[in-house]
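Numbering (this note's numbering), first residue to last: 6 to 210.
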């Protein structure tokens, strides 16, 4: 962006000013946009959030998260994780208790009340429930024509995993990605181990 409406500098911060405003006066917002079929611009992510997988493909996790959240009533929040040492994506999803309870009840063939936190947590960790929800997630990805490397391969489910209180959300409810990756390091490592084991099993067949 450039024009009289753009700020001139960050107050007493020449380093950040130099990063944001180039020698010709263009302000680099750090946003990533796409142009639709009508020529309209749509902000889809932040440059700092884009990550590169081991095979060299670039991923916009926030765009993927928004598709999943907009397509499934079972999900309330999402964090899609990629790693430069890995070729696949994994995700931490916060479930929507009201819609997740009947979904889990159907999979487990028993009634789970949406207000029963303990039962919801147990269901969220049940392999049968996770497999069924992952299948739905995969279908969403295919329906939206995600590339194979953009589709989540393993998931961790939790109730309200990202909050301001646990310092994983900003006051404006933006996800703190580095902090979230650190907080869920054990779950992320476990998901990648699951993906590796599944890939190894398929290779032997």
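All C-beta atoms, glycine included, are put in the ideal place defined by N, C-alpha and C.
- A distance of 8 Å or more separates the beta carbons of residue 97 and residue 158.
- Runs of the beta strand (DSSP E) spanning 3 or more residues and lying entirely within the segment 51-132 occur at 80-86 and 94-100, in chain order.
- The alpha-carbon separation between residue 32 and residue 39 amounts to approximately 18 Å.
- Distance check between residue 60 and each of 42, 88 and 69 places 88 closest, using alpha-carbon atoms only.
- Contact annotation, residue 70 with residue 55: C-beta distance approximately 13 Å; criterion of less than 8 Å not satisfied.
- Rounded to whole angstroms, residue 57 and residue 37 show a C-alpha spacing of 15 Å.
- Residue nearest to residue 65 within the set 14, 48 and 192 is 48 (criterion: CA-CA distance).
- Judged by their CB atoms, residue 162 and residue 135 are nearer to each other than the 8 Å cut-off.
- Taking 8 Å as the cut-off, the beta carbon of residue 74 is found closer than this to the beta carbon of residue 83.
- The C-alpha of residue 174 lies about 13 Å from the C-alpha of residue 187.
- For the pair residue 164 and residue 125, the CB atoms are nearer than the 8 Å cut-off.
- Nearest to residue 194 by C-alpha distance, out of 176, 160, 179 and 24, is 160.
- Membership of residue 37 in any alpha helix (DSSP H) is not indicated; the residue belongs instead to the beta strand (DSSP E) covering 36-40.
- Linking residue 203 to residue 143 through their CA atoms gives a straight-line distance of about 16 Å.
- Taking a C-beta distance under 8 Å as the contact criterion, residue 167 and residue 99 qualify as a contact pair.
- Counting along the chain, the unbroken beta strand (DSSP E) around residue 160 starts and ends at 157-163.
- With fewer than 16 other Cβ atoms from the protein chains shown falling within 10 Å of its own Cβ, residue 45 counts as exposed.
- With distances taken between CA atoms, residue 154 lies nearest to 92 out of 141, 92 and 20.
- Shown here, residue 13 sits in coil according to DSSP, grouped into three states, outside any helix or strand.
- Inclusion of residue 115 and residue 106 in the CB contact set at 8 Å is not warranted, their separation being larger than that value.
- Going by beta carbons, residue 101 and residue 81 fall inside the 8 Å limit.
- Of 7, 43 and 77, the smallest CA-CA separation from residue 29 is found for 7.
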